[in-house]
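Just so you know, our numbering puts the end of the sequence shown at 256, numbered straight through with nothing missing.
Glycine residues also receive a C-beta, built at the ideal position from the N, C-alpha and C atoms.
As the structure is a computational prediction, the values presented were derived from the model and not from experiment.
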Amino acid sequence: PKVYITVAGRSNALSGLVDGTVAAPVIACPPYSDRFGGADIFSSLRMPSGIAPAVVLEPSGAALLAAKILSLAEPALRERVAAAQEAAMQTIMSDDRSLRDS
Numbered sequence: 155p156k157v158y159i160t161v162a163g164r165s166n167a168l169s170g171l172v173d174g175t176v177a178a179p180v181i182a183c184p185p186y187s188d189r190f191g192g193a194d195i196f197s198s199l200r201m202p203s204g205i206a207p208a209v210v211l212e213p214s215g216a217a218l219l220a221a222k223i224l225s226l227a228e229p230a231l232r233e234r235v236a237a238a239q240e241a242a243m244q245t246i247m248s249d250d251r252s253l254r255d256s
């Protein structure tokens with residue numbers, strides 16, 4: 155299995171081009187730019203009919219989505235993703251307790 159993560163700013167034709175030429179999932183992860191006030195994200199969201207890359211704004215989120223997709227065929231990866239999510243949840247719960255106790 156393959157997953158493609160595309161990183162292209164401004165008009166982001168790259169994500170649509172890759173999605174239209176491969177059968178594997180494509181994750182568009184456009185970099186944020188202050189130059190256009192964030193409006194350049196729309197070029198990642200509005201794709202032609204039949205073109206459907208997933209759009210994830212944070213690189214870590216794009217990597218997590220790719221890992222989840224790939225874990226469908228890899229039980230060991232699925233366990234690692236689950237362990238990472240559990241660790242993240244424990245960190246959030248601990249941080250929340252610390253805030254409430256302070």
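| query | Is it buried or exposed for glycine 192, if we count other Cβ within 10 angstroms and need 16 for buried? | reply | For this step, residue 192 is matched to residue 38 along the sequence shown. Classification for glycine 192: exposed.
| Does DSSP classify valine 172 as helix, strand or coil? | The residue labelled residue 172 in the question sits at position 18 within the sequence shown. Correct three-state label for valine 172: helix.
| query | Around the C-beta of proline 184, are 16 or more other C-beta atoms found within 10 angstroms, so that it is buried, or is it exposed? | reply | The count along the sequence shown starts at 1 and reaches residue 184 at position 30. Buried: at least 16 other Cβ atoms inside 10 Å.
| Does DSSP put alanine 178 in a helix, in a strand, or in coil? | As a first step, residue 178 must be located in the sequence shown, where it is residue number 24. Three-state DSSP puts alanine 178 in coil, outside helix and strand.
| task | Just mark valine 176 as buried or exposed, buried being the case when its beta carbon has 16 or more other beta carbons within 10 Å. | result | Here the question's residue 176 lines up with position 22 in the sequence shown. Counting Cβ neighbours within 10 Å, valine 176 comes out exposed, since fewer than 16 surround it.
| Rounded to whole angstroms, how far is the Cβ of arginine 158 from the Cβ of valine 172, which I believe are closer than 8 angstroms? | Counting from 1 along the sequence shown, the entry for residue 158 is found at position 4. Counting from 1 along the sequence shown, the entry for residue 172 is found at position 18. In the sequence on display, residue 158 carries tyrosine and not arginine. Sure, about 5 angstroms apart at Cβ, within 8 angstroms.
| task | Give the straight-line distance between the Cα atoms of arginine 234 and proline 213, rounded to the nearest whole angstrom. | result | Residue numbering aside, residue 234 sits at position 80 when the sequence shown is read from its first letter. Residue numbering aside, residue 213 sits at position 59 when the sequence shown is read from its first letter. Each residue's alpha carbon lies about 18 angstroms from the other.
| task | Examine chain C for any beta-carbon lying closer than 9 angstroms to the beta-carbon of alanine 227, and answer yes or no. | result | Absent here is chain C; the protein component of the structure consists of one chain.
| query | Who pairs with threonine 245 in a beta bridge, going by DSSP? | reply | Along the sequence shown, read from residue 1 onward, the residue named residue 245 stands at position 91. None, per the DSSP bridge assignment.
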